[in-house]
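Engineer:
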Amino acid sequence: MAHPPSNRIDSASRVIAATPKAIYQAFMDPEALRSWLPPKGMSAHLDVFDPREGGAYKLALTYETDHSNPGKTSDHTDVSQGRFLELVPDAKIVLAGQFDSEDPAFAGEMIQTWYLEAVLEGTKVTIVCEHVPEGIRKEDHDEGLGSTLENLALFTEKQKGIS
0 MAHPPSNRID SASRVIAATP KAIYQAFMDP EALRSWLPPK GMSAHLDVFD PREGGAYKLA
60 LTYETDHSNP GKTSDHTDVS QGRFLELVPD AKIVLAGQFD SEDPAFAGEM IQTWYLEAVL
120 EGTKVTIVCE HVPEGIRKED HDEGLGSTLE NLALFTEKQK GIS
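Here numbering that gives the first Met the number 0 is used: the first residue of the sequence shown is 0, the next is one more, and so on.
Have a look at this one:
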């Protein structure tokens, strides 16, 4: 019997000293994405990455350090796959994804929306995750989203000095 979708919504935001365009481009470039997306203590591998509306992605996150919770797909990995629902250059990215897991607590499709809003200091980046699977602890998710935003800030702010 399938679980009804979760109604849980988790979100995080941060102002980053970079333009909306720089942040959008960091998301559309698979090598860049692989470097900043994984939360602290994890690494990423993209098996599929087709960033266009209707395009697919498949992402594997691997724990590089000991952690208290097992991965969703195996002891040390979280594999998710999905599709790009909406891409508004320099403004919004919407993904629908699900975890490869036998555990029903991680079942269902989560919608993740990234909002990029130009502000005086750069860009306010807000991530809103809808239908968060019940197996993901809110504290862990909040920490992971915060870590990803910190990585994105470090990556895009470093790029400013290069370009």
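By construction, the Cβ of each residue, glycine as well, lies at the ideal position given by its N, Cα and C atoms.
Can you check whether the CB of K91 is closer than 7 Å to the CB of V14?
Structural biologist: Not closer than 7 Å, so no.
Engineer: Are the stretch 135 to 150 and the stretch 18 to 31 touching by the rule of at least three beta carbon pairs closer than 8 Å?
Structural biologist: In short, these stretches do not touch, since the Cβ pair count stays below three.
Engineer: For G96, write down the residues that DSSP places opposite it in a beta bridge.
Structural biologist: G96 pairs with G81 and M109.
Engineer: Which class does E30 belong to by DSSP, given the choice of helix, strand or coil?
Structural biologist: E30 falls in the helix class under three-state DSSP.
Engineer: Rank Q111, A95, W113 and E133 by C-alpha distance to the C-alpha of P103 and give the top, closest one.
Structural biologist: Ranking the options by Cα distance to P103, first place goes to E133.
Engineer: Among the candidates D99, Y114, E156 and R82, whose CA atom is the shortest distance from the CA of G53?
Structural biologist: The shortest Cα separation from G53 among D99, Y114, E156 and R82 belongs to R82.
Engineer: Need the endpoints of the beta strand (DSSP E) that A16 sits in, please.
Structural biologist: Here A16 belongs to no beta strand (DSSP E), and DSSP marks it neither H nor E.
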